[in-house]
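First residue of the sequence shown: 75, per the working numbering; consecutive thereafter. Report on the structure given below.
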Amino acid sequence: MKKTLVSHPSKPNIPVIALQAVLTNCFNYEHLGRLREVHPHWDEIAGQLLNSGYYKLLERSDKLLMALQRKVVSDPGLHYATNVLTNIQVHILNPVDIMRAVIDEGQKPTRVCCFPYGVILDKTFLLLDRVEAMLHGSYEETVNWEPVAKLAKKAASHYRGNLERVMEERMGENLRLKAAQRIIRLESFVVDAQVAKLEKESNKAKEDLRWEIDQLHQKNSQLRKDNREMKANQMRLEARVEALEQKFKTLARLLS
75 MKKTLVSHPS KPNIPVIALQ AVLTNCFNYE HLGRLREVHP HWDEIAGQLL
125 NSGYYKLLER SDKLLMALQR KVVSDPGLHY ATNVLTNIQV HILNPVDIMR
175 AVIDEGQKPT RVCCFPYGVI LDKTFLLLDR VEAMLHGSYE ETVNWEPVAK
225 LAKKAASHYR GNLERVMEER MGENLRLKAA QRIIRLESFV VDAQVAKLEK
275 ESNKAKEDLR WEIDQLHQKN SQLRKDNREM KANQMRLEAR VEALEQKFKT
325 LARLLS
């Protein structure tokens, strides 16, 4: 039997936009968490999508709560939906909020961590769908959020026991790298400032030298002009002296 070699897709083989589109449209967050193991490049993109999903979940939850609080005054039937959403925030979103610092750090160029519990995102989005349906008039008697709350509690416990110390070390290393980058940027800024200062001083010296040369050219031109005028005056004086000498000679001959 002929063997077929299967290699991991590498970054050059799959365009980033195409891979993002496939991962976004074809897989839920739980599957994205598993696909991180396929290839480092997949890990990077899937991690970004998981973080993005976490922030979308927080934003949607906050917007729903504000909408419910505005309408519950005039529609008492929304009290249950408001209570469900409050429980979602308290018992699901709050426990996993311990990862927020490292996830926030993951929004920056040097990623520390992504939100690793995709199943919680999927199930919580489904809960929010039901809450939003109640907001628009589709009332339900029960929304079973407790199983997801148990998952969130387990996730928080897993993070504390297995990931928190590693993430803190990564954050420390990340902060050290950022500090080193800031020092390099500062040194580069100082060097650039010194170069700019030297260039400015050099340009000023060139301008001063050019001005002095122009002044010398002007003085030289004036001296040449003065010299020509002096020679012309000298020639006129010599001509007058010669004319006077001729007159004296003529008078001397007449008187002799």
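Ideal Cβ placement from N, Cα and C applies to all residues, glycine included.
- Judged by DSSP in its simplified three-state form, D196 adopts helix.
- Given a length threshold of 4 residues, each whole run of the alpha helix (DSSP H) inside the region 112-161 is given here in chain order: 114-145.
- Residue environment: T160 is assigned as exposed (fewer than 16 neighbouring CB atoms within 10 Å of its CB, all protein chains considered).
- Check the Cα spacing between T156 and each of D136, M173, I172 and A175: the tightest is with D136.
- Rounded to the nearest whole angstrom, the C-alpha separation of L138 and I166 is 15 Å.
- CA-to-CA, the gap between V96 and V170 works out to about 27 Å.
- Note on K130: under 16 other CB atoms within 10 angstroms of its CB, so exposed under the neighbour-count rule.
- Our two residues, D178 and E242, have alpha carbons roughly 13 Å apart in a direct line.
- The Cβ atoms of E133 and G192 do not sit closer than 9 Å to each other.
- Under the three-state reduction of DSSP, F322 is assigned to helix.
- For C100, the uninterrupted alpha helix (DSSP H) segment begins and ends at V90 to C100.
- Within the model, the alpha-carbon separation for L272 versus K293 is close to 31 Å.
- Annotation: the continuous alpha helix (DSSP H) that includes V222 extends over E220 to H232.
- Short of 7 Å from the beta carbon of T216, and not among the five residues preceding or following it, lies no beta carbon of its own chain.
- Judged by beta-carbon spacing, L93 lies beyond the 9 Å limit of G107, meaning their Cβ atoms are not closer than that value.
- DSSP places S295 in the helix class (H, G or I) of the three-state scheme.
- Exposure of G211 is indicated by the presence of fewer than 16 other C-beta atoms within 10 angstroms of its C-beta.
- R314 sits in a helix when the DSSP states are folded into three classes.
- Across the structure, D300 and N307 are spaced so that their CA atoms are roughly 10 Å apart.
- 9 Å or more divides the Cβ of Y128 from the Cβ of I172.
- Take the alpha-carbon of I91 and the one of I119: they are about 10 Å apart.
- C-alpha of V176 to C-alpha of A230: approximately 14 Å in a straight line.
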